Amino acid sequence: MIEIKDIHKSFGSNDVLIGISGKFEAGVTNLIIGGSGSGKTTLLKCMIGLHQPEQGSVEYDGREFTTMNFEEKIEIRKEIGMLFQGSALFDSMTVEENIMFPLNMFTEQSHKEKLERVNFCLDRVNLEGKNKLFPAELSGGMKKRVGIARAIAMNPKYLFVDEPNSGLDPKTSIVIDELIKEITEEYNTTTIVVTHDMNSVMGIGDYILFLHEGKKFWEGSNKDIAHTDIEELNDFVFASRFMKAAKGKF
Amino acid sequence: MNFTNFGKYLLLLKAVFRRPEKFRIYLKAIFKQMDFIGVGSLGLISIISTFIGAVMTLQIAFQLVSDFIPKTIIGSVNRDSSILELSPTISAIVLAGKIGSAISSEIGTMRVSEQIDALEIMGINSPGYLILPKIIAGITMVPILVIISMFLSITGGYIGGTLSGAVTPAEYMQGITTDFNPYTITVALVKAFVFGFIITSVPAYEGFYVKGGALEVAQASTRAVVVSCISILACDYIVTQLLL
Numbered sequence: 217m218i219e220i221k222d223i224h225k226s227f228g229s230n231d232v233l234i235g236i237s238g239k240f241e242a243g244v245t246n247l248i249i250g251g252s253g254s255g256k257t258t259l260l261k262c263m264i265g266l267h268q269p270e271q272g273s274v275e276y277d278g279r280e281f282t283t284m285n286f287e288e289k290i291e292i293r294k295e296i297g298m299l300f301q302g303s304a305l306f307d308s309m310t311v312e313e314n315i316m317f318p319l320n321m322f323t324e325q326s327h328k329e330k331l332e333r334v335n336f337c338l339d340r341v342n343l344e345g346k347n348k349l350f351p352a353e354l355s356g357g358m359k360k361r362v363g364i365a366r367a368i369a370m371n372p373k374y375l376f377v378d379e380p381n382s383g384l385d386p387k388t389s390i391v392i393d394e395l396i397k398e399i400t401e402e403y404n405t406t407t408i409v410v411t412h413d414m415n416s417v418m419g420i421g422d423y424i425l426f427l428h429e430g431k432k433f434w435e436g437s438n439k440d441i442a443h444t445d446i447e448e449l450n451d452f453v454f455a456s457r458f459m460k461a462a463k464g465k466f
Numbered sequence: 308m309n310f311t312n313f314g315k316y317l318l319l320l321k322a323v324f325r326r327p328e329k330f331r332i333y334l335k336a337i338f339k340q341m342d343f344i345g346v347g348s349l350g351l352i353s354i355i356s357t358f359i360g361a362v363m364t365l366q367i368a369f370q371l372v373s374d375f376i377p378k379t380i381i382g383s384v385n386r387d388s389s390i391l392e393l394s395p396t397i398s399a400i401v402l403a404g405k406i407g408s409a410i411s412s413e414i415g416t417m418r419v420s421e422q423i424d425a426l427e428i429m430g431i432n433s434p435g436y437l438i439l440p441k442i443i444a445g446i447t448m449v450p451i452l453v454i455i456s457m458f459l460s461i462t463g464g465y466i467g468g469t470l471s472g473a474v475t476p477a478e479y480m481q482g483i484t485t486d487f488n489p490y491t492i493t494v495a496l497v498k499a500f501v502f503g504f505i506i507t508s509v510p511a512y513e514g515f516y517v518k519g520g521a522l523e524v525a526q527a528s529t530r531a532v533v534v535s536c537i538s539i540l541a542c543d544y545i546v547t548q549l550l551l
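Residue numbers (our numbering), protein chains in the order written: chain A, 217 to 466; chain B, 308 to 551.
Here you go:
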C-alpha cells in the first residue's frame with residue numbers, strides 16, 4: 217500500500233499540488249485522473265522521487281520515502297516498476313536487452329535464468345519472439361507492452377503507469393488497460409495509473425482520485441464516478457457529447 | 308558557465324563518482340566508450356595531425372629565410388610546437404566537436420525521452436552509469452590519441468618539408484633530434500589528461516540537464532562544444548603556466 221499525506225509542490229510561484237492525500241491499496245487498480253495541467257504527473261513524480269515535494273509525505277507500506285537518503289531510496293526503487301508515457305525504452309538496446317537491463321544491474325542470475333525471465337515477461341505481454349527487435353522497429357502499442365514487460369521484470373511491489381493510452385488506438389488502449397489490471401491482480405501489486413482517458417476510468421478504475429487545479433476534488437470507484445454532484449468532476453467525465461448522451465444510462 | 312552552472316557541474320561530478328552498482332557492467336561500458344572515443348577518432352586525428360605538421364614545416368621555412376639561421380631549426384620548432392601545443396590543443400578542440408556534440412546529444416535525447424528517469428526509477432545512479440564510463444574513456448584515450456598525433460605531426464612535417472624542398476631529410480632529422488627535452492612530453496600528456504576530462508564531462512553536463520525537446524537538445528549540443536573549447540583553451544593556459 218502507498219499512502220500520501222498532504223503533498224504540496226510548486227514551481228516558482230505556481231502551486232501545482234495543494235495538500236493532496238490518498239491511500240492506494242495493493243491488488244487494485246488505482247487511478248489518478250484530471251484534466252491537462254491538473255497536477256497528475258507532478259503527483260506521480262513526487263511519489264517516485266523524481267520531484268521533491270515541499271511538504272507532505274509518501275509512505276510505501278509504512279516506510280517514509282520523502283525523507284530517505286539516496287541509498288535508502290534506491291532500495292525502495294528496486295521494488296518499483298514504471299511504464300512511462302513515451303515508454304522510455306533504451307534506443308540502443310534490443311527488446312531483450314531492455315527487459316534484461318534491471319536483471320543485469322541488480323541480480324546475480326545466470327544468463328540462462330535471465331533469458332527465461334525475459335521470455336516469460338514477453339509472453340505475459342503477448343510479444344513472444346520479439347527479443348531481437350529494436351524500439352525503433354516497434355509500433356506504439358508494442359513499445360508500451362515492452363515497457364510493461366521491463367517494468368515487471370523484477371517482480372515489482374509497486375507499479376506506476378503514466379498515461380498508458382496516449383497515442384494509441386482505442387482497441388490497443390483496452391488491451392493495455394486489461395494487461396495492467398491483470399498484472400495488478402495476478403501479482404498483487406500496488407498499481408497507480410495516471411490517465412485522462414475515460415475508457416480507462418470506466419474500465420479499470422477500482423479506486424479513482426480526481427485532481428483539479430492541484431487539489432483533490434473527489435475519490436471513489438468507477439461505479440460511483442457517474443453519480444456525483446461535483447461540477448468539476450462532471451465537466452471532466454462528461455466532456456464529450458457521447459458521454460453526455462450516455463449519462464442517464466450509468 | 309556562470310557560478311550556478313559551475314556548482315551544478317560539481318554536484319553532478321560528485322554523483323558521477325559514486326560507487327558503481329556493478330563493476331562488470333561499467334567495465335563493458337568503458338570499453339565501448341574507449342572504442343568510440345579512441346578508435347572512432349583515430350582517422351580524423353591522423354589526417355589533421357599529418358597536414359598540420361606539413362603546413363607548420365612550410366610556414367616555418369617561409370619565415371626563416373635568413374642565411375644565419377640553420378635549417379635544422381625547422382625540425383626543432385615543428386617538434387616542440389607539435390608536442391607542446393598543436394597536438395594536445397588542436398586534437399582536443401577537434402575531439403570536443405566530434406565527441407562532445409555526440410555525448411551531449413546522446414544524453415540530452417535520453418533526458419527528453421525519459422530514459423534517464425527510467426534509469427533512476429530502476430534504482431540506478433544515472434550520472435554514474437551514463438557519464439563515468441565516458442570520463443574514464445576520455446582521460447585514457449585522449450592522451451593516447453595525442454601521442455599518435457605528435458608522431459604523425461612530426462612525420463607530416465618531414466613529408467611536407469622534404470617533398471616541397473623546404474628542408475632536406477637530413478636537416479629535418481637533425482632538427483628533431485637535437486636538444487630534445489622529454490619533459491615536454493610530460494606537459495603534453497598532462498594537458499591531454501585534463502582535456503580528456505573536459506571533452507567528456509562538460510558535454511555530459513550540458514546534455515544531462517536539458518529540458519524541452521529536439522531544439523533544446525541541439526542547443527545543448529552547440530553549447531557543449533563552445534564551453535568545452537573555451538575551457539580547453541583556458542586550461543591550456545593554466546597548465547602551461549603551471550608546468551613550464
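For each residue, glycine too, the CB sits at the ideal point set by N, CA and C.
Fair warning: this is a prediction, and the values are worked out from it, not measured in the lab.
- Inter-residue distance for glutamate 324 (chain A) and leucine 349 (chain B) is about 37 Å (C-alpha atoms, whole angstroms).
- One thing to note: asparagine 432 (chain B) has its Cβ within 7 Å of the Cβ of arginine 325 (chain B).
- Residue-level contact check: isoleucine 390 (chain A) does not touch chain B, since none of the beta carbons of chain B fall below 7 Å from its beta carbon.
- In this structure the stretch 335-345 of chain A does not lie against the stretch 370-387 of chain A, because fewer than three pairs of beta carbons, one per stretch, are closer than 8 Å.
- At a cut-off of 7 Å between beta-carbon atoms, lysine 360 (chain A) makes no contact with chain B.
- Taking all protein chains in view, the Cβ of arginine 418 (chain B) is crowded by 16 or more other Cβ atoms within 10 Å, so the residue is classified as buried.
- Sequence-distant Cβ neighbours of glutamate 478 (chain B) in its own chain, meaning closer than 6 Å and more than five residues away, are Lys378, Thr379.
- In terms of Cα proximity to isoleucine 390 (chain A), the closest of A:Ser416, A:Glu448, A:Gly235, A:Ile290 is A:Ser416.
- Close partners of glycine 302 (chain A) in chain B (Cβ separation under 7 Å): Ser420, Glu421.
- Pairing histidine 267 (chain A) with lysine 225 (chain A), the inter-Cα distance amounts to about 9 Å.
- With the rule of 3 Cβ pairs closer than 8 Å, the stretch 248-266 of chain A counts as touching the stretch 415-429 of chain A.
- Under the 7 Å criterion on CB atoms, alanine 425 (chain B) is classed as interfacial with respect to chain A.
- According to the DSSP assignment, isoleucine 537 (chain B) belongs to the alpha helix (DSSP H) that extends over 521-550.
- Of the candidates B:Ile483, B:Ile539, B:Gly520, the residue whose Cα lies closest to the Cα of threonine 507 (chain B) is B:Ile539.
- In the three-state reduction of the DSSP assignment, asparagine 312 (chain B) falls in the helix class.
- Counting C-beta atoms within 10 angstroms of its own C-beta, tyrosine 465 (chain B) has 16 or more neighbours from the protein chains shown and is therefore classed as buried.
- Interface criterion met: the Cβ of isoleucine 431 (chain B) is under 7 Å from a Cβ in chain A.
- Judged by pairs of C-beta atoms under 8 Å, the stretch 332-344 of chain B touches the stretch 437-456 of chain B, as three or more such pairs exist.
- Taking a beta-carbon distance threshold of 7 Å, lysine 329 (chain B) counts as an interface residue toward chain A.
- DSSP places lysine 460 (chain A) in the helix class (H, G or I) of the three-state scheme.
- Using a CB distance cut-off of 7 Å, isoleucine 428 (chain B) counts as an interface residue toward chain A.
- The Cβ atoms of alanine 495 (chain B) and isoleucine 367 (chain B) do not sit closer than 7 Å to each other.
- In terms of beta-carbon proximity, lysine 221 (chain A) stays away from the interface with chain B, with every pair separated by 7 Å or more.
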